[in-house]
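K.L.:
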Amino acid sequence: MSRCVSRVRVGVCIAAALVACVVAGCKNQPAAEEEQTRVDSQPEPAKEKTVRVKLTTTMGDIVLELDGEKAPISTENFLSYVDSGGYDGTIFHRVIDGFMIQGGGFAPDMSKKPTNAPIANEWQNGLTNDPYTIAMARLGYQPDSATNQFFINVADNSFLDQPRDGAGYAVFGKVVEGKEVVDAIAKVSTTSRAGHENVPVDPVVIQKAERVD
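Residue 2 is where the sequence shown starts when you use the working numbering, and the numbers rise one by one after that.
Right, dumping it as structure tokens:
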């Protein structure tokens, strides 16, 4: 992932290599990330134990339940982008069937969206990268580098829980409605575009991200 996650494991060795490319960002170079607008402050930990967010996409709705108790920093960070409209009009820019769908950081023309300051990695919160969980994407070998990009697991990716660069990848919620939409997105045709791989041929756009009861 320039925050990307790479193809489903074919053995432990391949999985290890993928994590670096996947969640770190193969061809999405970290240097380019530093050019984004950032606010030098950490989000206040979420006060609510659980918060639901609906992602209205061009392929259907996905409802997420965020765990503000176990992952307060990641939850509040995600909500800061939701509440500011930062996810509206972004795309799922990296899609790998049998592994994950990743989004939140790019517009349909593959231009990067502004970010807030990176957050602390909450990988030791007891949540695991199970199917249909949502986790923060980050740069490989930079544990505390997550900003706006996230990924939804479409398989058991518990290998991402294990520290390879000193930390795992922080899960902060799960899909409670729209799993079929997640599955459909995971199966779209992909291509390479603007130096990025596994980009959907037809953009899958998050039209609106909003809190719901």
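We treat Cβ as the ideally placed atom computed from N, Cα and C, and that holds for glycine.
So the beta strand (DSSP E) I135 belongs to, where does it begin and stop?
P.N.:
Note, I135: beta strand (DSSP E), T134 to M137.
K.L.:
Under 7 Å between the Cβ atoms of T116 and I207?
P.N.:
Not a contact, by the Cβ cut-off of 7 Å.
K.L.:
So what's L161 in DSSP terms, helix, strand or just coil?
P.N.:
The answer is helix: DSSP assigns L161 an H, G or I state.
K.L.:
With three or more C-beta pairs closer than 8 Å as the rule, is the region 62-77 touching the region 85-99?
P.N.:
Cβ pair count under 8 Å is below three, so no.
K.L.:
Report the rounded CA-to-CA distance for L161 versus V182, giving the unit in angstroms.
P.N.:
Their Cα atoms are separated by approximately 23 Å.
K.L.:
According to the neighbour-count rule (16 or more other Cβ atoms, all chains shown, within 10 Å of its Cβ), is G104 buried or exposed?
P.N.:
Looking at its Cβ environment, which holds 16 or more other Cβ atoms inside 10 Å, G104 is buried.
K.L.:
So, with DSSP's three-state summary, where would you put N117?
P.N.:
Looking at N117 - three-state DSSP - the assignment turns out to be coil, as it is neither helix nor strand.
K.L.:
How far does the beta strand (DSSP E) with S193 in it extend, from its first residue to its last?
P.N.:
Residues T191 to R194.
K.L.:
Return yes when the Cβ of E211 is within less than 7 Å of the Cβ of K55, no when it is not.
P.N.:
Result yes, Cβ atoms of K55 and E211 sit closer than 7 Å.
K.L.:
Under a three-way DSSP split, which group does T59 fall into?
P.N.:
In this structure, T59 counts as coil in the three-state DSSP scheme.
K.L.:
N126 lies in the beta strand (DSSP E); which residues open and close that run?
P.N.:
It is not in any beta strand (DSSP E) - N126 carries neither H nor E in the DSSP assignment.
K.L.:
Which first and last residues belong to the beta strand (DSSP E) in which P201 is found?
P.N.:
P201 -> beta strand (DSSP E) spans H197 to P201.
K.L.:
Quick one, which of R53, V64 and V202 has its alpha-carbon nearest T191's?
P.N.:
Out of R53, V64 and V202, V202 has the C-alpha closest to the C-alpha of T191.
K.L.:
Alpha carbon to alpha carbon, how far is G127 from K50? Give it in angstroms, no decimals.
P.N.:
Straight-line Cα distance between these residues: approximately 15 Å.
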